[in-house]
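Engineer: Residue numbers for the sequence shown follow our numbering, beginning at -4 and rising by one.
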Amino acid sequence: MAVSAWSQMINLHVLHLLVIGMGTIVTGSSIRLYGGSSDKEGAVQVNVEGEWRNICNDGWDAVDALVTCRQLGFTEGYALIFNGDLYDPDISLNKPERETFLTVGTDFACNGSEESLLTCNYTKYGGYCGQWAGAVCDITPQQFYELITHIGQYKTLLYTIAPNGLVLAVQRQQTRTRVLGGVCNMDDRTASMICDEYGYHYGGKPTNLPVLENLPIVVSKVSCSDAYWLGDCQVDFSTDGLCDGGAYTNGVKCYTTPRPSVIGSLAYAALGTIFIVLAGAFAIHWIRKWTNSHLPHSNLTEIVEDTPSSKKLSQT
């Protein structure tokens, strides 16, 4: 696709006017892309006992799209998300009638190593869903550059965590081809804040995970050292979808219990309390011992003998 044509596609106004055609279908033996405007995009459908079924887009991410494209034989470029439902029905007068399909499942959670989509973990669901999961395959570096330059003007991202802990950056703007991909490097605070966003309020730490082939890198580096929320973090975008300097902290491990440093602090505080109690008891012991050894003996004698004398006086 020419750069000019691709630039037109990423223009938001044009994107809202695009209509999804029903004629383009890319198919494998058990999976296909349906309803896209080219042979490399569309809603993902799987064949279940001779019947084509959709996938709901709940939890659908770029790793799921990557497995889809690989199964279809598209391995030359990047895999991204296809938004098949993106159009304005009020101004899109030529909106085609949609064929109705049941779904096969939702909440797909691929780790990127699977050879087929249905070998990923997912929740089986046989009803209908409002939004379909979709994929765009074989995105070239030039096309990716056009997309990343477009979202770079906004610098507003969401972060999600893949099942294996890989962190994915997601553009907020809803466009026909949605940019979603990996992160090369993040600092400790970023990892902790991402985990907190997911409900792991004890935080987390950055980890190093294998880089998935055909999964584009959206963020080269993100630093939240001076930020109060993820939207304030300093983000450096990738321009070619690669980690030029290497990926060292591209995933997270979230804590489900207090982090080791907190436990250590609590243990240290408890140990300190024990030492204080022991020191206090030791001090009292030595104060008593010192008092007994330094108080004049004559005073002790007078005190001891005073009571018997009183008793003698009272008896006379």
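A virtual CB, placed ideally from N, CA and C, is assigned to each residue, including glycine. Given the structure is predicted, the values throughout are model-derived calculations rather than measurements.
Please return the same chain residues whose Cβ sits closer than 8 Å to the Cβ of Ile271, not counting the five positions on each side in sequence.
Structural biologist: Unreliable positioning characterises Ile271 in this predicted model, as indicated by a pLDDT of 48, which lies under 50. A coordinate reading is not provided.
Engineer: So, Ala38 versus Gly160, is the Cβ gap smaller than 8 Å?
Structural biologist: Contact: no.
Engineer: Apply the 10 Å Cβ neighbour rule to Gly30 and answer buried if 16 or more other Cβ atoms are within range, or exposed otherwise.
Structural biologist: The residue in question, Gly30, is buried, as its Cβ has 16 or more Cβ neighbours within 10 Å.
Engineer: Based on the DSSP output, what are the partners of Asn42 in its beta bridges?
Structural biologist: Answer is Trp47.
Engineer: Just the C-alpha distance for Thr144 and Asp53, rounded to the nearest angstrom, thanks.
Structural biologist: Looking at the two C-alpha atoms, the distance is approximately 27 Å.
Engineer: What do you get for Lys35, buried or exposed, if any count of 16 or more other CB atoms within 10 angstroms of its CB means buried?
Structural biologist: Lys35 is buried by the Cβ-count criterion.
Engineer: Determine which residues share a DSSP beta bridge with Phe232 and list them.
Structural biologist: Answer is Val214.
Engineer: Could you work out which residue in Thr135, Leu112, Gly199 is closest to Val162 when comparing CA atoms only?
Structural biologist: Per the Cα distances, Gly199.
Engineer: From Gly259 to Thr251, what does the alpha carbon distance come to, in whole angstroms?
Structural biologist: Legend: pLDDT at Gly259 = 47, less than 50; position of this residue unreliable, value from coordinates given subsequently. Each residue's alpha carbon lies about 16 Å from the other.
Engineer: Could you please give me the residues that DSSP links to Trp127 through a beta bridge?
Structural biologist: Trp127 is bridged to Cys51.
Engineer: With distances taken from CA atoms, which of Glu109, Gly194, Phe103 is nearest Thr118?
Structural biologist: Of the candidates Glu109, Gly194, Phe103, the one whose C-alpha sits nearest the C-alpha of Thr118 is Phe103.
Engineer: How would you call Gly226, buried or exposed, if buried means at least 16 neighbouring beta carbons within 10 angstroms?
Structural biologist: Exposed, because fewer than 16 other Cβ atoms sit within 10 Å of the Cβ of Gly226.
Engineer: Identify the continuous beta strand (DSSP E) that holds Cys190 and give its terminal residues.
Structural biologist: Per DSSP, Cys190 belongs to no beta strand (DSSP E); it is in the alpha helix (DSSP H), 183 to 192.
Engineer: Quick check: the stretch 199 to 212 against the stretch 226 to 243, are at least 3 beta-carbon pairs closer than 8 Å?
Structural biologist: Touching, yes.
Engineer: To the nearest whole angstrom, what separates the beta carbons of Thr135 and Gly72, a pair I think is in contact under 8 Å?
Structural biologist: About 5 Å; that satisfies the 8 Å criterion.
Engineer: With 16 as the cutoff for other CB atoms within 10 Å, does Trp224 come out buried or exposed?
Structural biologist: Exposed.
Engineer: Are the Cβ atoms of Val58 and Leu153 separated by less than 8 Å?
Structural biologist: Their beta carbons are not under 8 Å apart, which means Val58 does not touch Leu153 by this criterion.
Engineer: Relative to the alpha-carbon of Cys124, which residue among Glu109, Phe96, Leu112 has its alpha-carbon at the smallest distance?
Structural biologist: When each option's Cα is compared against that of Cys124, the closest is Phe96.
Engineer: If we ignore side chains and look at the alpha-carbon of each, how far apart do Val174 and Thr101 end up?
Structural biologist: About 21 Å.
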